[in-house]
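Participant:
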Amino acid sequence: DEEDDDLHHFHTLHFTSLFPQSLCTPSSSFTPGSKQRSSTLQVVHRHGPCSVPHLTTPPSLAEILAADESRVESIQAKLAPSYEITRAGKRNKYKDRKVDLPVQPGRSLGSGNYIVRVGLGTPPKTLSLIFDTGSDLTWTQCQPCARSCYQQQDPIFNPSSSSSYSNVSCASSQCSQLSSATGNTPGCSTKTCVYGIQYGDQSFSVGFLSKDTLTISKSAVFQNFFFGCGQNNQGLFGNTAGLIGLGRDQLSVVSQTAGTYGKYFSYCLPSSSSSTGHLSLGRSRASGSVIFTPFASSSQGAASNSFYFVDIDGISVGGRALSISQSVFQAAGGTIVDSGTVITRLPPAAYSALSTEFQQQMKKYPVAPAYSILDTCYDFSNYTNTKIVIPTISFTFRGNAKVNLDASGILIAINGKQACLAFAGNSDSST
Amino acid sequence: VAIFGNTQQKTLEVVYDVAGGRLGFGAGGC
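These protein sequence lines are chains A and B, in that order.
In case it helps, the working numbering puts the first sequence at residues 11 to 441.
In case it helps, the working numbering puts the second sequence at residues 4 to 33.
(1) Examine chain B for any beta-carbon lying closer than 9 Å to the beta-carbon of residue 275 of chain A, and answer yes or no.
(2) Residue 389 of chain A lies in the alpha helix (DSSP H); which residues open and close that run?
(3) Determine whether the beta carbon atoms of residue 272 of chain A and residue 262 of chain A lie at a separation below 9 Å.
(4) Under 8 Å: do the segment 222-240 of chain A and the segment 144-153 of chain A share three or more Cβ pairs, one atom per stretch?
(5) If we ignore side chains and look at the alpha-carbon of each, how far apart do residue 33 of chain A and residue 286 of chain A end up?
(6) Whether or not the segment 399-419 of chain A and the segment 326-333 of chain A are in contact is what I'm after, with contact meaning three or more pairs of Cβ atoms, one per stretch, closer than 8 Å; do they touch?
(7) Measure from the alpha carbon of residue 206 of chain A to the alpha carbon of each residue in A:382, A:68, A:193, then state which is nearest.
(8) Shortest alpha-carbon distance to residue 423 of chain A belongs to which of A:389, A:269, A:158?
(9) Nearest-angstrom Cα distance between residue 292 of chain A and residue 22 of chain B?
(10) Who pairs with residue 289 of chain A in a beta bridge, going by DSSP?
(11) Residue 190 of chain A by DSSP, collapsed to three states: which one?
(12) Quick one: Cα of residue 136 of chain A to Cα of residue 381 of chain A, how far?
(13) For residue 415 of chain A, collect the residues of the same chain with a Cβ closer than 8 Å to its Cβ; drop the 5 residues on either side in sequence, then sort them by chain order.
(14) Could you tell me whether the segment 423-438 of chain A touches the segment 243-254 of chain A, where touching means 3 or more Cβ pairs closer than 8 Å?
(15) Against chain B, does residue 288 of chain A count as a neighbour if the rule is that its beta carbon must be under 9 Å from one of theirs?
(16) Along the chain, which unbroken stretches of the beta strand (DSSP E) at least 3 residues long are found entirely within the segment 354-400 of chain A?
(17) Grouping DSSP H, G and I as helix and E and B as strand, with all else coil, what is residue 169 of chain A?
(18) Note down, in chain order, every chain B residue with its Cβ under 9 Å from the Cβ of residue 318 of chain A.
(19) Using only the heavy atoms of the ligand NAP, determine whether one of them is closer than 8 Å to the beta carbon of residue 422 of chain A.
(20) Any Cβ of chain B within less than 9 Å of the Cβ of residue 413 of chain A?
Here it is, written out as structure tokens:
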């Protein structure tokens with residue numbers, strides 16, 4: 011029994027397995043053209059070898075973590091009580107409280123994002139888009155780039171070369187929906203609806219709300235798909251052509267394809283940037299081995315309508331349940347699941363308990379200095395040719411949904427000899 | 004707000020049943 015427990019409570023792995031390979035090794039879970047998987051897209055890390063060749067140097071891990079912090083600050087600023095607006099459209103009692111959105115030139119919305127390739131227009135033009143469960147509006151850079159376009163890998167979408175493209179009028183319901191989907195009131199230019207979306211780091215896209223045919227695969231084609239045709243796009247979106255929004259709002263891909271896929275989607279992110287995962291719309295595989303937790307309702311006001319909230323009931327390290335009061339998570343305002351944030355953020359008390367127990371169970375390994383936002387680090391320079399043993403970490407979400415993390419979700423390799431616990435604490439117990 | 008980030012989601016099949024009001028996790032998704 012003890013041996014069995016050990017097998018379940020520890021991961022044994024080669025330290026070098028935490029590093030991505032230089033060549034792409036596609037996952038066998040993605041089978042293009044399969045009838046059952048007709049609505050499935052291949053997911054690749056935008057800076058890995060499975061992505062299209064880079065026009066610029068990929069960011070360092072330190073830069074990715076700095077961008078991650080910027081994204082987290084942005085999400086938490088959006089969910090701050092001072093953002094609440096009453097149904098009458100008036101600011102609530104927190105109106106005098108100032109929200110400082112992070113303004114940090116050089117930081118992107120999140121450099122650790124994953125991309126998918128979709129077709130837009132007739133005939134379809136292939137575009138590499140960041141996929142993001144933390145936002146709603148899908149947008150791409152559009153010709154003639156009236157104000158500004160950044161450099162992207164794919165040819166910039168040209169509406170005039172698509173026979174199915176049209177602009178959307180200011181009077182349409184979709185134009186009105188932009189307010190909640192982007193957080194900004196839409197504009198109007200010669201009766202054409204104008205969107206503007208700005209991210210926490212001041213990156214933005216402004217352009218025309220448009221509709222055209224979205225092609226996910228030959229058998230998954232959606233006419234009259236609403237998206238942003240960006241004429242002024244600035245920020246560090248890398249070489250991608252834009253973003254595909256998988257949030258909960260009405261303009262998200264999830265909502266726009268609800269008639270076909272029933273607001274059901276799934277994804278798998280690969281264990282390293284040198285492999286691939288998938289994003290599937292609809293019930294594309296048997297869900298027998300999937301355990302579910304109910305979405306939690308948010309008490310954070312209108313700005314939280316995009317996010318997917320869940321409740322954490324507990325965390326275990328090496329099979330040992332951490333002593334964390336439920337009030338710790340409640341005081342933090344809940345938990346969201348986000349595909350665009352790299353490192354899981356926990357309330358200070360929860361992170362402290364996690365880090366302390368992890369250190370206790372990892373005490374045979376020499377420690378290493380902190381790295382960026384990661385403060386629980388180890389020096390594995392003497393273990394490059396032998397296996398290391400790390401405790402498992404599991405999260406239990408409401409409804410007794412216990413999720414064991416993969417080893418790739420526990421340690422993140424910093425360099426050839428150092429790796430860190432891939433978690434960080436929030437600085438404030440109430441945010 | 005706590006955030007369950009993408010590093011921790013690696014290799015899991017993460018299922019969003021939005022209409023059903025639930026989120027699922029499956030081991031060995033890719």
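From the three backbone atoms N, C-alpha and C, an ideal C-beta is built for every residue, glycine too.
Remember, it's a predicted structure, so these values are computed and weren't measured experimentally.
Facilitator: This is what the structure holds:
(1) The C-beta of residue 275 of chain A comes closer than 9 Å to at least one C-beta of chain B.
(2) Note, residue 389 of chain A: premise wrong, no alpha helix (DSSP H); beta strand (DSSP E) at 387-389.
(3) When the beta-carbon positions are compared, residue 272 of chain A and residue 262 of chain A stay at least 9 Å from each other.
(4) With three or more CB-CB distances shorter than 8 Å, the segment 222-240 of chain A counts as touching the segment 144-153 of chain A.
(5) Roughly 12 Å separates the two Cα atoms.
(6) With the cut-off at 8 Å, the segment 326-333 of chain A and the segment 399-419 of chain A touch.
(7) Residue 206 of chain A has its Cα closest to that of A:193, out of A:382, A:68, A:193.
(8) It is A:389.
(9) Annotation: residue 292 of chain A to residue 22 of chain B spans about 11 Å, alpha carbon to alpha carbon.
(10) DSSP output for residue 289 of chain A lists A:51, A:277 as bridge partner(s).
(11) Shown here, residue 190 of chain A sits in a helix according to DSSP, grouped into three states.
(12) Distance between the alpha carbons of residue 136 of chain A and residue 381 of chain A: 38 Å.
(13) The residues are 402, 403, 404, 405.
(14) Contact between the segment 423-438 of chain A and the segment 243-254 of chain A is absent, with fewer than three C-beta pairs closer than 8 Å.
(15) A Cβ of chain B is located within less than 9 Å of the beta carbon of residue 288 of chain A.
(16) Segments of the beta strand (DSSP E) lying fully in the segment 354-400 of chain A: 354-356, 387-389.
(17) Shown here, residue 169 of chain A sits in a helix according to DSSP, grouped into three states.
(18) Ordered by position in chain B, the residues that pass the 9 Å Cβ test against residue 318 of chain A are 19, 21, 26.
(19) The ligand NAP is not part of this structure, which contains no ligands at all.
(20) Closer than 9 Å: yes.
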